[in-house]
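In this note's numbering, the protein residues as written are 189 to 347.
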């Protein structure tokens, strides 16, 4: 039985990933989420939108799984085993998960200075450097200037 639907707006394994328009893609993703959540036959599925800046998913943040949230995703690949040659043992501790995720995030994403004003600045991965020029990042500002620090804030929450 299908338990989860993963939506990946970007395919890192393809050669050309520098023309992603997250504004356009996020509109279609939100339409899909609305459709799936309205139709009762789909209600048993968890929906995950992988690797999209949270500012493009305003109102749908609970569906976004970035690098740190991926640690807690039991139905997808394990970040610790992804690059492993399977000839050596792997430290499967949560601390190692965080360390590897941190390194992956630094290698893959950037955060322009305006992102630091966003309430999701800590839990959001940011954007791929080669996609920055194609996308206008609009920080989501909390009225009380609160910043969310709990990377699992939307995990295991009712969808």
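Think of the CB as a built atom: it goes at the ideal place given N, C-alpha and C, for glycine as much as any other residue.
Worksheet item: Considering only residues of the same chain and omitting the five flanking positions on each side of residue 328, which have a CB-CB separation below 8 Å?
Response: Excluding sequence neighbours, residue 328 sits near 242, 243, 246, 306, 307 and 308.
Worksheet item: Short check: CB of residue 314 to CB of residue 291, under 7 Å?
Response: Contact annotation: residue 314 and residue 291 have beta-carbon atoms that are not nearer than 7 Å.
Fill in: Span of the alpha helix (DSSP H) around residue 257
It spans 255 to 258 - the alpha helix (DSSP H) in which residue 257 sits, taken as one unbroken run.
Discussion item. Since residue 213 and residue 197 should fall inside the 8 Å C-beta cutoff, what is the C-beta to C-beta distance between them, to a whole number of angstroms?
Written reply: 4 Å between Cβ atoms; contact.
Practice prompt. With residue 237 as the anchor, note down where its alpha helix (DSSP H) starts and where it stops.
Written response: Segment 234 to 238 is the beta strand (DSSP E) holding residue 237; no alpha helix (DSSP H) there.
Worksheet entry | Closest residue to residue 312 among 237, 218 and 283 (Cα-Cα distance) | If you compare the alpha carbons of 237, 218 and 283 with that of residue 312, the shortest gap goes to 237.
Worksheet item: Can you tell which of 190, 207 and 251 has its C-alpha closest to the C-alpha of residue 217?
Response: Comparing Cα-Cα distances from residue 217 to each of 190, 207 and 251, the minimum goes to 251.
Item to complete: Within the same chain, show all residues whose beta-carbon is closer than 8 Å to that of residue 346, passing over the 5 residues directly before and after it, in chain order.
Response: Model confidence at residue 346 stands at a pLDDT of 48, short of 50, so the residue's coordinates are unreliable; what they give is reported in the following sentence. There are no such residues.
Worksheet item: residue 215 lies in the beta strand (DSSP E); which residues open and close that run?
Response: According to the DSSP assignment, residue 215 belongs to no beta strand (DSSP E) but to the alpha helix (DSSP H) extending over 210 to 226.
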